[in-house]
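A.B. asks: Residue numbers (full-length UniProt numbering): 1 to 202.
Note that CB positions come from ideal geometry on N, CA and C, so glycine has one too.
There's a structure below that I have some questions on.
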């Protein structure tokens, strides 16, 4: 069974950007592009989740629709790749997804990309320490989330492995655990607001 990802060369630096993307919006794209530039990534793979275990499933657009929206929004950006790899692999949790992809793409330097809001709740993710020990993490700022993220239990536990902002470009070459915080994105749009606006226009 294929995971739907392109064949990357060993040593390629590739971002894994997981999320519900319900729906994808400009804030997500800003995070992905900031990460790509900061770490000189060959590609950013948007891992469109079949369903986030930490979120209520009511109101979810279908996986094909969410994936199609990512493709539409990133059209003309070849470094941005929409993927339903989790559905193909049958994985529900990030810890299992990154382990499966690392095993299928040996030598590729994967980096997990997350918004600062995700770091704030990272300690609630299943086996979050194992994720941090599997691949480097790049945390990209989101409006109003710097303090909750950087004072979170996971940030505190991993504080000794945090890179300086000046060293972010080296993150894909770092042996995990390693993480960096990129204070670069200030797009305040949210998927919740977009869903509410779309619902009110029907």
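Using three-state DSSP, classify residue 110 as helix, strand or coil.
C.D. replies: Translated into positions along the chain shown, residue 110 becomes position 110. DSSP places residue 110 in strand when its eight states are reduced to three.
A.B. asks: Could you check where the alpha helix (DSSP H) with residue 139 kicks off and where it finishes?
C.D. replies: Locating residue 139 in the chain shown gives position 139, where the first residue counts as 1. Counting along the chain, residue 139 falls outside any alpha helix (DSSP H), though it belongs to the beta strand (DSSP E) covering 137-140.
A.B. asks: What residue range is occupied by the uninterrupted beta strand (DSSP E) comprising residue 83?
C.D. replies: On the chain shown, position 83 is the one that residue 83 refers to. Per DSSP, residue 83 belongs to the beta strand (DSSP E) from 80-83.
A.B. asks: Opposite residue 17 in the DSSP bridges: which residues?
C.D. replies: Taking the chain shown and counting its residues from 1, one reaches residue 17 at position 17. Bridge partners of residue 17: 46 and 113.
A.B. asks: Whole angstroms are fine: how far does the CA of residue 93 sit from the CA of residue 124?
C.D. replies: Position 124 of the chain shown, counted from the first residue, corresponds to residue 124. Position 93 of the chain shown, counted from the first residue, corresponds to residue 93. Whole-angstrom Cα-Cα distance: 12 Å.
A.B. asks: From residue 102 to residue 112, what does the alpha carbon distance come to, in whole angstroms?
C.D. replies: Taking the chain shown and counting its residues from 1, one reaches residue 102 at position 102. Taking the chain shown and counting its residues from 1, one reaches residue 112 at position 112. Going from the Cα of residue 102 to the Cα of residue 112 covers about 12 Å.
A.B. asks: Does the distance from the C-beta atom of residue 70 to that of residue 21 stay below 9 Å?
C.D. replies: Residue mapping note: residue 70 aligns to position 70 of the chain shown, counting from 1. Residue mapping note: residue 21 aligns to position 21 of the chain shown, counting from 1. Cβ atoms of residue 70 and residue 21: closer than 9 Å.
A.B. asks: Which same chain residues, not among the five before or five after residue 79, have their C-beta less than 8 Å away from its C-beta?
C.D. replies: For the purposes of this step, residue 79 is taken as residue 79 along the chain shown, with counting starting at 1. Counting only Cβ-Cβ distances below 8 Å, and skipping sequence neighbours, we find 36, 41, 42, 43 and 44.
A.B. asks: Could you round the C-beta distance between residue 4 and residue 62 to whole angstroms and report it? I think they count as a contact, below 8 Å.
C.D. replies: In the chain shown, counting from the first residue as 1, residue 4 sits at position 4. In the chain shown, counting from the first residue as 1, residue 62 sits at position 62. Incorrect: roughly 17 Å between the Cβ atoms, too far for contact.
A.B. asks: Between the alpha carbons of residue 147 and residue 171, how many angstroms are there, rounded?
C.D. replies: Sequence index remark: in the chain shown, residue 147 carries index 147 (1-based). Sequence index remark: in the chain shown, residue 171 carries index 171 (1-based). Cα to Cα, residue 147 sits roughly 22 Å from residue 171.
A.B. asks: Check residue 150 in the structure and name its three-state DSSP category.
C.D. replies: Counted from its first residue, the chain shown places residue 150 at position 150. Looking at residue 150 - three-state DSSP - the assignment turns out to be helix.
A.B. asks: How is residue 128 classed by DSSP in three states: helix, strand or coil?
C.D. replies: For the purposes of this step, residue 128 is taken as the residue at position 128 of the chain shown. Residue 128: helix per DSSP, three-state reduction.
A.B. asks: Assuming residue 141 and residue 119 form a contact by the criterion Cβ under 8 Å, report the distance between their Cβ atoms to the nearest whole angstrom.
C.D. replies: For the purposes of this step, residue 141 is identified with residue 141 of the chain shown, where counting begins at 1. For the purposes of this step, residue 119 is identified with residue 119 of the chain shown, where counting begins at 1. Residue 141 to residue 119, Cβ: 10 Å. No contact.
A.B. asks: Between residue 133 and the rest of its own chain, which residues show a CB-CB distance below 6 Å, the 5 nearest in sequence each way excluded?
C.D. replies: Your numbering for residue 133 matches position 133 in the chain shown. Counting only Cβ-Cβ distances below 6 Å, and skipping sequence neighbours, we find 176 and 177.
A.B. asks: By Cβ distance, which residues of its chain are closer than 6 Å to residue 60, with the 5 residues on each side in sequence left out?
C.D. replies: Taking the first residue of the chain shown as position 1, residue 60 is located at position 60. Excluding positions up to five away in sequence, the list reads 22.
A.B. asks: Give me whichever residues DSSP pairs with residue 203 in a beta bridge.
C.D. replies: Lying outside 1 to 202, the shown extent of the chain, residue 203 is not represented and no answer is given.
A.B. asks: If you follow the alpha helix (DSSP H) that residue 100 is in, where does it begin and where does it stop?
C.D. replies: Residue numbering aside, residue 100 sits at position 100 when the chain shown is read from its first letter. Residue 100 -> alpha helix (DSSP H) spans 94-104.
A.B. asks: What number of angstroms, rounded off, separates the C-alpha of residue 15 from the C-alpha of residue 110?
C.D. replies: As a position in the chain shown, residue 15 is number 15, starting the count at 1. As a position in the chain shown, residue 110 is number 110, starting the count at 1. One C-alpha to the other measures close to 6 Å.
A.B. asks: What does the Cβ neighbour count give for residue 106, buried or exposed, with the cut at 16 atoms within 10 Å?
C.D. replies: Taking the chain shown and counting its residues from 1, the one referred to as residue 106 is at position 106. With fewer than 16 other Cβ atoms within 10 Å, it is exposed.
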